[in-house]
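Structure record follows, encoded as structure tokens.
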Amino acid sequence: MKKSIRVIGLCLLAAGLWFALYRDSSPQAEVSDLSISALAQSQKKSAEDAELLSRRLISSEDLPPAGTHSLFDHHVAQLGALPYPFTALLDSFRPLDRWGQGSVSLLIPDGRSLAKGHADYRYPRVLVAAQLDPVVSHSTIAPIYSGRLFLGFVEAINTIEIIAYNEAAGRFEYQLVKDYCEGCTPRISYAKRAICTACHQSGSPIFSVRPWSETNANHEVARRLASRQGVDWTEASTTQYQGVPLSTQILMPETFDELVGQASDVTLAQKVWIDGCGEDVICRRALLAQAISLLITPGDYNPADKASMNLRDLLKANWPPEGIALENDRLLNRVPKAPSMTAQWRMTVKRLWSKILHADDDLEHSAARLEAFDRLPKIPVVLDPLTRREPVNMLNSTSQEGIHAVARMFSPRDREMLISQSEAAPERLQEIIYSGGVDSLLNAAPLNRVAILQSLTVALGHAGLDYCCLDTSSLSPPIREDARQLQITRGSVLEVFQSYCFACHRGNPVRRLNFMAGDSEDEVMASIWATERIREVLDYEGSPGDIQRMPPPASEQRARLDAARANKSDDLQRMLDAMDATR
509 MKKSIRVIGL CLLAAGLWFA LYRDSSPQAE VSDLSISALA QSQKKSAEDA ELLSRRLISS
569 EDLPPAGTHS LFDHHVAQLG ALPYPFTALL DSFRPLDRWG QGSVSLLIPD GRSLAKGHAD
629 YRYPRVLVAA QLDPVVSHST IAPIYSGRLF LGFVEAINTI EIIAYNEAAG RFEYQLVKDY
689 CEGCTPRISY AKRAICTACH QSGSPIFSVR PWSETNANHE VARRLASRQG VDWTEASTTQ
749 YQGVPLSTQI LMPETFDELV GQASDVTLAQ KVWIDGCGED VICRRALLAQ AISLLITPGD
809 YNPADKASMN LRDLLKANWP PEGIALENDR LLNRVPKAPS MTAQWRMTVK RLWSKILHAD
869 DDLEHSAARL EAFDRLPKIP VVLDPLTRRE PVNMLNSTSQ EGIHAVARMF SPRDREMLIS
929 QSEAAPERLQ EIIYSGGVDS LLNAAPLNRV AILQSLTVAL GHAGLDYCCL DTSSLSPPIR
989 EDARQLQITR GSVLEVFQSY CFACHRGNPV RRLNFMAGDS EDEVMASIWA TERIREVLDY
1049 EGSPGDIQRM PPPASEQRAR LDAARANKSD DLQRMLDAMD ATR
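The numbering used here applies: residue 509 is where the sequence shown begins, and numbers increase by one.
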């Protein structure tokens, strides 16, 4: 059948292929000759950068350092599975926020991301920045979501792009969720970091400057979105796409911009923490004391007092000679042009042609994605996120920006907790720090906010505080984007398990629920046979007792299995027989 479709498609499209793919009807005067694949390969650390301690201590590998995971992984692990559809994923943030804000969301139909060739006014890219103030007990450290978690969803390719902070590693992780669609088995993986940082040059999210013309806060963009969605313009602000209004106020991108700024503070703080003090624990002790003082009593902070001048001297002795870069995370504003009929036809033909030629291929393979990206119309150099952006400033040892960034590594909730734990005597915190009470955490390594808070509260005489998102012992090992896909033999019973079980039990971040993992059919079947409870939860005819039958009653997989059983399908029996084969 697929072969016939390809033949028919080739015949229908051959006549228009040259025009659609190769004719350049509107060349731009200034275009970027930067290929993302070439740039990713050519990115070499300069001699100065290679000498920076932070370059050596903060990993640049695709996978997170052993024993660490991203905030997104921890969030999904706490939920037990990745919510679907995307609106359900957005809803999963709301219970974490005592103010009920949930997240900041935008629509970008014509942008500059790696997925720009797949987003349009019918399927715009959805941008989300978590803005949460989690509800936690007094004995728990609240995770920071604001400025630490960003999502980009493109429905046309069933893919979510993720930038999420890794507290233990001191860096943002770049992740992908592929096959995020109805009836599919989503795969959470870590992306090629060199590809991501080609645009995300500061190691954190990027965003354009005001007035954010690419977003749905631009009335013209919102009008086109409404038209393409078949909605009257007067209803654009109340009609949603993937849980996001087609039209929004300027406050939304403005808030998103602020959260991107918070993320940039994180990367700056880590460089100041590591490179500003080098191997000097005494310097880092003074830096932490000043940052905590600035956090607790910002009105009393005096950059010219004795403690501040002492820190300045310590920083001067350790500061990199070339300074510490305040990276540029902002792109120039770009006004998208209205797509011509020719451009729309060209894009439609390209998509159809790609589907015909690659019906059985993994189009999301990194090499294929890079080639597809390179073939898209070029963006003017000045607007291209690939173009090298020079630092906003090179900070010296007297700069206050670095100290403020370190203070902002701690949240307002952290401030409340420290004031409470110190019984409103913040000078006790200074005494603990200056006396060496947390020196074990001040060696040359990424700043670990949670470990510092736990150590301070213990030194104050309180029990250690719990934290949700550092322990990874119960999480599945992270996987790379290019990890080998499972090839299932046609007719194998694994096709049935894939249909009803893989969505929750293959690639699940929770290790105990990831019992259908494996790189080959034999490995997966061995994992299934080793999990005796599978047969018990699939035995619908057995004694009910207190057993919860699987798939879960409210799940899409359960609905499909119930429908299959009603139609006398043998899917359920095949799974049971496969489990019995080992008895």
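Each residue gets a CB set at the ideal place from its N, CA and C atoms; glycine is no exception.
*asked:* Tell me the rounded alpha-carbon separation between residue 993 and residue 1077.
replied: Near 28 Å, if we compare the C-alpha coordinates of residue 1077 and residue 993.
*For residue 585 versus residue 780, is the C-beta spacing smaller than 8 Å?*
No; because the gap between Cβ atoms is not below 8 Å, this pair is not in contact.
_Identity of the residues DSSP links to residue 616 by a beta bridge_ = Residue pairing of residue 616 in beta bridges, as defined by DSSP: 633.
*Measure the C-alpha to C-alpha separation of residue 948 and residue 568 and round it to an integer number of angstroms.*
Whole-angstrom Cα-Cα distance: 25 Å.
*Go ahead and label residue 685 buried or exposed: buried means 16 or more other beta carbons lie within 10 angstroms of its beta carbon, across all protein chains shown.*
When all chains shown are included, residue 685 counts as buried.
*Start-to-end residues for the alpha helix (DSSP H) that takes in residue 790*: It spans 789-804 - the alpha helix (DSSP H) in which residue 790 sits, taken as one unbroken run.
*Rounded to the nearest angstrom, how far is the Cβ of residue 620 from that of residue 940, given a contact under 8 Å?*
Not confirmed; about 47 Å, so no contact.
*asked:* In whole angstroms, give me the CA-to-CA distance for residue 800 and residue 737.
replied: Computed Cα separation, rounded: 50 Å.
*Have a look at the DSSP bridge pairing and note the partners of residue 485.*
Lying outside 509 to 1091, the shown extent of the chain, residue 485 is not represented and no answer is given.
*Would you identify the three-state DSSP class for residue 696, choosing helix, strand or coil?*
Residue 696: strand per DSSP, three-state reduction.
*Using only alpha-carbon positions, find the residue among 1016, 1005 and 1055 that is nearest to residue 1037.*
That would be 1005, whose Cα lies nearest to the Cα of residue 1037.
*Could you tell me if the beta carbon of residue 560 falls within a distance shorter than 7 Å of some heavy atom in the ligand FAD?*
The ligand FAD is absent from the structure shown, which contains no ligands of any kind.
_I'd like the list of long-range same chain contacts for residue 1103, defined as Cβ closer than 7 Å, with 5 residues on each side in sequence excluded._
There is simply no residue 1103 to check, as the chain begins at 509 and stops at 1091 in what is shown.
*asked:* Among 1067, 1064, 1075 and 1046, whose alpha-carbon lies nearest the alpha-carbon of residue 1085?
replied: The option with the nearest alpha carbon to residue 1085 is 1046.
*Where does residue 931 land, buried or exposed, given buried means 16+ other C-beta within 10 angstroms?*
Exposed, by the Cβ-count rule.
*Sorted by chain position, which residues of the same chain lie with C-beta nearer than 8 Å to residue 1034's C-beta, five sequence neighbours on each side aside?*
Closer than 8 Å at the Cβ level, and outside the excluded window around residue 1034, lie 1026.
_Proximal residues to residue 838 (C-beta, below 6 Å), its chain only, five neighbours per side dropped_ = 717, listed in sequence order.
*Taking Cβ positions, are residue 1104 and residue 669 nearer each other than 8 Å?*
Because residue 1104 is not part of the residues shown, which for the chain are 509 to 1091, the question remains open.
*When burial is assigned at 16 or more other CB atoms within 10 Å of the CB, is residue 814 buried or exposed?*
Under this definition residue 814 is an exposed residue.
*What number of angstroms, rounded off, separates the C-alpha of residue 1072 from the C-alpha of residue 995?*
Their Cα atoms are separated by approximately 24 Å.
*asked:* Does residue 824 pass the burial test, meaning 16 or more other C-beta atoms within 10 Å, or should it be called exposed?
replied: Residue 824 should be labelled exposed.
*Cross-strand partners of residue 686 (DSSP beta bridge)*: Paired residues: 695.
_In the DSSP output, which residue or residues are listed as bridge partners for residue 902?_
Its beta-bridge partners are 833.
*Please determine, among 798, 991, 908 and 608, the residue with the shortest C-alpha to C-alpha distance to residue 699.*
Distances from the CA of residue 699 to each of 798, 991, 908 and 608 were compared; the closest alpha carbon is that of 991.
*Report the option in 889, 905, 964 and 890 whose CA atom is closest to the CA atom of residue 923.*
Per the Cα distances, 964.
*Given residue 788, which residues of its chain have a CB within under 7 Å of its CB, disregarding the five upstream and five downstream residues?*
Excluding residues within five positions, the ones whose Cβ falls inside 7 Å are 822 and 826.
*Sorted by chain position, which residues of the same chain lie with C-beta nearer than 6 Å to residue 678's C-beta, five sequence neighbours on each side aside?*
Around residue 678: 566, 778 and 954.
*Pair within 8 Å by beta-carbon distance, residue 617 and residue 627*: Their beta carbons are under 8 Å apart, which means residue 617 touches residue 627 by this criterion.
*Quick one: what does DSSP say residue 670 is sitting in, helix, strand or coil?*
Residue 670: strand per DSSP, three-state reduction.
*Does the region 703-717 come close enough to the region 742-750 that 3 or more CB-CB pairs lie under 8 Å?*
Segments in contact, no.
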